[in-house]
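Position 90, counted from 1, in the first sequence is what numbering that gives the first Met the number 0 calls 89; the numbers after and before it change by one each time, with no gaps.
Glycine included, every Cβ here is placed at the ideal spot set by N, Cα and C.
Note that the coordinates shown come from a computational prediction; the quantities given were computed from them, not determined experimentally.
Take a look at the structure set out below.
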Amino acid sequence: MNKQGKQFTGSFFECVYEVVGYIPAGRVTTYGAIAAYIGTRGSARMVGWAMNASHTSQTNVPAHRVVNRCGLLTGKYHFGTPAMMQKLLENEGVEIFEDKVVRFTELFWDPIILKSL
DNA sequence: GGTGTGACCAGCT
DNA sequence: AAGCTGGCCACAC
């Protein structure tokens, strides 16, 4: 849900893109968190798929801030170069070790807080 | 218009 | 305890 209570049913991807866009620099989130925020907890796979679509989509989405539940950069191979995702995160101050987000629990940013606003 | 797929998650064996 | 399978729903062919 966004301002004006726009329905996401029209474009599920667009919803994901916007949520991902709200992720502060230096923070990361998970597919499940985004899916849960949207309301489709069990559809976490589609969130990742939306990321894949975002790659080809004209919309610029910081997909590098989205990692899996374990904090692993699962989709790094979809950035063209595996090091790209890590590089982007490190550029934002997110330390990566062994393709994993260091202090993931601390850097984890849950979009659910948007509902609290 | 049906089937397949997809960067996941959680539950069951 | 760890591995695997199922499920979930939207988009492309």
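Residue state for residue 71 is assigned as strand, using DSSP reduced to three classes. Distances from the CA of residue 89 to each of 68, 46 and 26 were compared; the closest alpha carbon is that of 26. When the alpha-carbon of residue 97 is set against those of 70, 34, 110 and 32, the nearest one is in 70. Going by beta carbons, residue 36 and residue 106 fall outside the 8 Å limit.
A Cβ-Cβ separation of about 10 Å leaves residue 56 out of contact with residue 62 under the 8 Å criterion. Taking the Cα positions, residue 13 is about 8 Å away from residue 49. Burial check for residue 24: the Cβ neighbour count within 10 Å stays below 16, so the residue is exposed. In the DSSP assignment, residue 12 falls within the alpha helix (DSSP H) that extends over 11-20.
Take residue 83, set aside five residues on each side of it, and no residue of its chain has a beta-carbon closer than 6 Å to its own. Within the DSSP secondary-structure output, residue 96 pairs in a beta bridge with 99. The beta carbon of residue 51 lies closer than 8 Å to those of 74 and 77 in the same chain, with the five residues before and after it left out. Only exposed fits residue 20, as fewer than 16 other CB atoms lie within 10 angstroms of its CB.
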